[in-house]
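J.:
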Amino acid sequence: MTKVIVMALSLFLTIVFSSSQEKKETSLSMRKPTFNPELARLSFLAGEFATEGKIHETPMMKGGSTQGKSKGYWSLDSLYLMIDEENEMGAMGMFRGHSILTYDAREKKYRMWHYNNFGDTPYYEGDFTGDTLSMITEINSPEGSFKQKISWYLEGKKIYFQVMNYMEGGYTPVFEETATPEIIKSNIINIGNAIPVFIKEFHREVKVSYEAKKLLMNWLSEETDFNPQNNKVEAIDEYPTHFNLRLTTSIRIEGRTSGVLGYSIYKISKDGKLYGYCFSKWLHESRHL
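To convert, take the position in the sequence shown, counting from 1, and add 687; that gives my numbering.
(1) Taking the alpha-carbon of I837 as reference, which of S821, K845, I826 has the nearest alpha-carbon?
(2) Quick check: what's the CA-CA separation for M769 versus G856?
(3) Check whether the region 860-870 touches the region 729-746, counting contact only when three or more Cβ pairs, one atom from each stretch, lie closer than 8 angstroms.
(4) For M748 and K796, I'd like the C-alpha separation in whole angstroms.
(5) So what does G750 bridge to, in DSSP terms?
(6) Short of 6 angstroms in beta carbon distance, which residues of its chain neighbour Y790, apart from the five on each side in sequence? Order them along the chain.
(7) Would F736 be called buried (16 or more neighbouring beta carbons within 10 Å of its own) or exposed?
(8) In terms of residue numbering, what span does the beta strand (DSSP E) encompassing P860 cover?
(9) Let me make sure I understand the geometry here. Which of E772, F805, G780 has the alpha-carbon closest to that of G751?
(10) In chain order, what residues of the same chain have a beta carbon less than 8 angstroms from the beta carbon of A778, not counting five sequence neighbours either side?
(11) For the beta strand (DSSP E) containing E735, list its first residue and its last residue.
(12) Please name the residue or residues paired with S757 in a DSSP beta bridge.
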């Protein structure tokens with residue numbers, strides 16, 4: 688009888704433990720992922736760039752040069768970095784590609800899906816070695832299958848990108864590209880700890896102090912033709928390393944604001960430095976405020 692009771696108790700505890708583990712795993716799997724330091728390492732690929740590339744001659748491809756542009760931007764709660772690119776490839780015509788990068792916290796690796804107008808759909812996996820992000824895929828072609836390795840690294844303000852195919856016992860470069868930010872401002876202003884005050888949860892808006900706004904307006908007055916009286920500074924987003932400020936430029940008639948001409952986005956790092964503007968958009972028609 689004792690033996691039966693012990694066996695029944697053992698079975699009960701096993702079922703309870705298994706159920707608890709299943710609930711724990713289910714809970715973990717249902718937990719919404721968030722932006723993390725690993726994803727933040729991809730931030731150097733975000734922005735708008737002018738690109739220049741070199742195609743190395745191979746048995747499968749003629750050599751040549753390329754020119755184009757690329758744009759990297761965060762999407763879906765900053766869990767995925769999108770890269771849209773266009774390259775003039777000479778005799779091959781215009782190349783258009785779309786890449787999706789993310790970090791798999793479970794597998795502890797970076798993943799990338801790439802699609803382009805040549806019909807290619809490779810999938811890459813990889814990780815950082817030092818400051819270089821390298822990823823590998825298997826390419827299937829009429830000439831046979833081979834491994835392909837791509838890598839990015841930042842040097843100064845420029846991003847260097849390389850594609851290598853595994854040929855004859857080693858990796859051989861087939862394409863190299865340099866991406867240069869379309870707008871670079873060298874002026875840096877220290878605004879101390881005046882930036883963050885609070886974060887509004889839903890809109891992710893960030894309020895900045897009067898001192899930070901004043902320094903931005905003074906910088907604009909010195910570096911641009913804008914009249915500070917015709918501009919409004921708004922904090923629109925926060926990232927792990929910086930804030931984005933939107934400067935709305937308006938037209939004023941008889942001292943009253945009557946319409947918006949356009950806006951610019953400025954980047955301020957969390958250590959209190961202002962790095963010029965990221966991009967501007969001017970409206971074709973003024974809209975009433």
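We treat Cβ as the ideally placed atom computed from N, Cα and C, and that holds for glycine.
T.: In short, the structure shows the following:
(1) Taking the sequence shown and counting its residues from 1, the one referred to as residue 837 is at position 150. The shortest Cα separation from I837 among S821, K845, I826 belongs to S821.
(2) In the sequence shown, counting from the first residue as 1, residue 769 sits at position 82. In the sequence shown, counting from the first residue as 1, residue 856 sits at position 169. Spanning the two alpha carbons is a distance of roughly 33 angstroms.
(3) yes
(4) To locate residue 748, count along the sequence shown from 1; it is residue 61. To locate residue 796, count along the sequence shown from 1; it is residue 109. Taking the straight line joining both Cα atoms gives about 31 angstroms.
(5) As a position in the sequence shown, residue 750 is number 63, starting the count at 1. Under DSSP, G750 takes part in no beta bridge, so it has no partner.
(6) Translated into positions along the sequence shown, residue 790 becomes position 103. Contacts found: E725, L726, Y797.
(7) Mapped onto the sequence shown, residue 736 falls at position 49. So F736 ends up on the buried side.
(8) Against the sequence shown, residue 860 aligns to sequence position 173. Per DSSP, P860 belongs to the beta strand (DSSP E) from 857-868.
(9) The residue labelled residue 751 in the question sits at position 64 within the sequence shown. For G751, the closest alpha carbon among the candidates E772, F805, G780 is that of G780.
(10) Locating residue 778 in the sequence shown gives position 91, where the first residue counts as 1. Take A778, set aside five residues on each side of it, and the residues of its chain with a beta-carbon closer than 8 angstroms to its own are K749, G751, in chain order.
(11) As a first step, residue 735 must be located in the sequence shown, where it is residue number 48. Per DSSP, E735 belongs to the beta strand (DSSP E) from 734-742.
(12) Translated into the one-based positions of the sequence shown, residue 757 becomes position 70. S757 is bridged to F736, E772.
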